[in-house]
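As structure tokens, the structure follows; a few thoughts come after it.
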Amino acid sequence: MPETIKLGPQYRAATITRADINEEDRTVKLAFSSEAPYERYWGVEVLGHSRGEVDLSWLETGQAPLLMDHNPRDQVGIIEEVSIGADRKGRAVVRFGKGTRADEIFRDVLDGIRLNVSVGYEINKLQLVEENKDAPSIYRVTDWRPLEISIVSIPADPTVGVGREADTVNVQSVTIERKAPMSEVTTATAPAATAQATVTVDVEAIRAEARKNEESRVREIISVGERFNCRDKANEAIKSGKSADLFKGEVLMSLGDQANAILLKQHEIGLSEKEAKRYSLTRAIASMMDPKSAGRGAEFEMECSAAVAKRTGAAPKGFFVPVDYQARADIQRRDLLVGTATAGGNAVATDLDSSSFIDLLRNRMMVRAMGARVLSGLQGNLAIPKLTGSSTAYWVAENNAPTEGQQTIGQVTMSPKTIAAFTDFSRQLMLQSSLDVESLVRSDLSQILALGIDLAALHGTGSNNQPKGVANITGIGSVVGGDNGAAPTWGNIVDLETEVAVDNADLGSLGYLTNAKMRGKLKQTQKAANTGMFVWENNPADQGFGMMNGYRAGASNQVSSALTKGTANGVCSAIFFGNWADLIIGEWGMLDILVDPYTGSSAGTVRVTAFQSVDVAVRRAESFAAMLDALSS
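The opening position of the sequence shown corresponds to residue 644 in my numbering, with each subsequent residue numbered one higher.
Here it is in structure tokens:
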């Protein structure tokens, strides 16, 4: 009896090149598959492209869909042409529709924002090419059928999440044929129209690469297990074939704030409490104001920067600030005396925020105040698990088993992206040694970074190394004011809540977030005529926040008031509603400071730019809804 394996839909990634886009016909030519080996959880897959190995019958009908993110309910076009070339690659011509959604995606393709594609296919038969005990075995797919092509935000990682989806959706039994042992290098020949094409598969190279990847996966999972004291879970992850990135994400999400403390501790360079107090950010900045003597007078701070660079293997643009300092809180009260008022002077007893830099940064992020989850001190990439489908409940007779149903688990990947934000300080201020000046500088730098992270979390485009913000996440709920925007009504506010509730996502840290202009508008907008009851209500019990529709309401000018809808050009505002706990902010811990003494030299100022590695992820699009065409006047 032939051996079988349970598999569901599989995916492979590719990219679109601008030269292959025909704007007039709304078509795109693309290559969607090849015989490049991919490591799956069950072995190394070589997707056969010889005659008889690929079933193109469905794609050739002209009815096969072009989807968004493999979602069958989100079709944006069709596949018009398909072929297998002599170079053993699958190629297609796809055409985008003219509807609002399809046009939006096509415009993003034209603008170079969405260039990633992925093919979804089912496997019917595998042939065991090379069986290995200490490394993944190698299989050639000798019978497979492409089902659809998708425009995707993040191409599916072939080593994770794909094979494991097999036991959750559209599962079928796949026959495995065994083949006689092969030589180290084997040759497969396929007939072409005019000549035969020969493809050489270097089995040893594939085996070595697979072994290397597996060793790396196991090593990283063990490391995570040791760091977070979960060796048993690590062993289970290794046995199940789970990727290191996904295992790390699951551990971090399960441990909560406890994980942050552990991660930050591991980023420290080992400063004692006395050394951490000795560290001065202003001294380090001041030492870099004269390039000819950079670092002089701040030898200790430069030594700390070198230690961070050695630990991380990264080179700073200016100098690194160690986590040991960032996590330290000072409690000081001093008089700030610096010459003139415009330079920060006048003898004023000032209470400065004594929080650590890390706490300052978190507290000033409005999205965090709304409930966003912050993961600090990360290393490498991270895959956050997310629920993409739910289990089903059944009524059953006595002694009968219910139909088996499992949750569909997906993932969203996070990787470090660099944010840069700058502020200007007076030279006179930077030469002071006051601890209050230290707190002031720390406070200002944390503020500019927090504003930048807020903006990315809400409106990041996902291109040009930006994270993708909530407003640009595919699948969030949408409330529309009008063709040319509209002043928001009580009904719009309730509709935002409804958009989230109908997807059963109205749980967690729910609330509204908009900008100051829109807050003012909503404070003057009655729920219904002549009631004296206004949409935005004050909430004295929650300082800094108001209330709408029974939920907390916040305002931040990082929420855009310059959006466009129809003839309302650059004057529309956004209003968000959602479970903010499903917004994840990842921080990679390295704070890099670059001092520019030239830009403001004529004004007597020094420009200080802070660089930090951050990313943003939304665990579940359905947790959010937005109105992006609200008018304040």
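Here a beta-carbon is modelled for each residue, glycine too, at the ideal position from N, C-alpha and C.
Check your understanding: In three-state terms, what does DSSP make of tryptophan 1223?
Key -> helix
Practice item. Have a look at Asp668, Asn775 and Asp1097 and flag the residue whose alpha-carbon is nearest the alpha-carbon of alanine 851. Key: Asn775
Review point. With distances taken between CB atoms, is the gap from asparagine 1127 to lysine 1208 smaller than 8 Å?
Key: yes
Review point. Using 8 Å as the Cβ pair cut-off and three pairs as the minimum, do the stretch 1227-1246 and the stretch 1009-1029 touch?
Key: yes
Review point. Hey, would you say alanine 1099 sits closer than 8 Å to valine 1259, going by beta carbons?
Key: yes
Practice item. Check each candidate in Val1202, Gly1154, Ser677 and Thr1168 and name the one with the smallest Cα separation from tryptophan 597. Key: The requested residue 597 does not occur in the structure, where the chain is confined to residues 644 to 1276.
Practice item. Note down the Cα distance separating histidine 713 from valine 697, rounded to an integer number of angstroms. Key: 20 Å
Review point. In whole angstroms, what is the alpha-carbon distance linking valine 737 and leucine 1234?
Key: 44 Å
Check your understanding: Leaving out five residues before and five after alanine 634 in sequence, what residues of the same chain have Cβ atoms less than 8 Å from its Cβ?
Key -> Outside the displayed range of the chain (644 to 1276) lies residue 634, so it cannot be described from this structure.
Point to revise | Stretch pair the stretch 1262-1270 + the stretch 1212-1219: three plus CB contacts closer than 8 Å | key: yes
Check your understanding: In terms of residue numbering, what span does the alpha helix (DSSP H) encompassing glutamine 1071 cover?
Key -> 1070-1073
**Study point:** Coarse secondary structure for tyrosine 922, derived from DSSP in three states
**Key:** coil
Check your understanding: Taking buried to mean at least 16 other C-beta atoms within 10 Å of its own C-beta, is valine 1123 buried or exposed?
Key -> exposed
Check your understanding: Mapping DSSP to helix, strand and coil, what is tyrosine 968?
Key -> helix
Point to revise | Spatial neighbours of threonine 1252 in its chain, beta-carbon cut-off 6 Å, leaving aside the 5 residues before and after | key: Ala1063, Phe1065 and Leu1237
Review point. In this structure, does DSSP put valine 1080 in helix, strand or coil?
Key: helix
Review point. Cβ of leucine 1074 within 8 Å of Cβ of alanine 929?
Key: yes
Review point. Under a Cβ-count criterion, where at least 16 other Cβ atoms within 10 Å of its own Cβ denotes burial, should tyrosine 922 be classed as buried or exposed?
Key: buried
Check your understanding: Would alanine 1306 pass as a contact of arginine 1162 if the rule is Cβ separation under 8 Å?
Key -> Residue 1306 lies beyond the range of the chain shown here (644 to 1276); nothing can be said about it.
Exercise for review: Go ahead and label serine 997 buried or exposed: buried means 16 or more other beta carbons lie within 10 angstroms of its beta carbon, across all protein chains shown.
Suggested key: A caution first: serine 997 carries a pLDDT of 40, below 50, which makes its placement in the model too unreliable to give a value.
Review point. Whose C-beta lies closer than 7 Å to the C-beta of isoleucine 912 among residues of the same chain, with five residues either side of it excluded?
Key: Cys947, Ala950, Val951, Arg954, Pro965 and Asp967
Point to revise | Reduced DSSP category for glutamine 1277 - H, G, I as helix; E, B as strand; rest coil | key: Residue 1277 lies beyond the range of the chain shown here (644 to 1276); nothing can be said about it.
**Study point:** Which listed residue (Asn1182, Ile1116 and Phe1188) has its alpha carbon closest to that of arginine 1262
**Key:** Ile1116
Exercise for review: Would you kindly check if the distance between the Cβ of aspartate 1067 and the Cβ of glycine 1243 is under 8 Å?
Suggested key: yes
**Study point:** Cβ-based neighbour list, asparagine 1181, same chain, cut-off 7 Å, excluding 5 preceding and 5 following
**Key:** Gly1189
Point to revise | Close-in-space but distant-in-sequence residues of the same chain around arginine 854 (CB under 6 Å, 5 per side omitted) | key: Ala778
**Study point:** CB of isoleucine 881 within 8 Å of CB of valine 894, strictly
**Key:** no
Review point. Alanine 1246: which of Gln1109, Gly1112, Gln1071 and Phe739 sits nearest, CA to CA?
Key: Gln1071
Review point. If you run the structure through DSSP and keep just helix, strand and coil, what is valine 736?
Key: strand
Review point. Ordered along the chain, which non-local residues of its own chain (more than five positions away) have a Cβ less than 7 Å from that of arginine 757?
Key: Ile748, Asp751 and Ile794
Check your understanding: Among residues of its own chain, excluding the 5 on either side of aspartate 677, which ones have a beta-carbon nearer than 6 Å to its beta-carbon?
Key -> Reading off the sequence shown, one finds serine at residue 677, where the question assumed aspartate. Correct list, in chain order: Lys732.
Point to revise | Terminal residues of the beta strand (DSSP E) in which methionine 1191 lies | key: 1189-1191
Check your understanding: Should threonine 1248 go down as buried or exposed, given a rule of 16 or more other Cβ atoms within 10 Å for buried?
Key -> buried
Point to revise | Spatial neighbours of histidine 692 in its chain, beta-carbon cut-off 8 Å, leaving aside the 5 residues before and after | key: Ser676, Ser677, Glu678, Ile727, Arg731, Lys732, Gly733 and Ala833
Check your understanding: Just curious, the alpha helix (DSSP H) that alanine 1172 is in, first and last residue?
Key -> Alanine 1172 -> no alpha helix (DSSP H), and no H or E assigned at all.
**Study point:** Buried or exposed (CB count within 10 angstroms, at least 16 for buried), aspartate 668
**Key:** exposed
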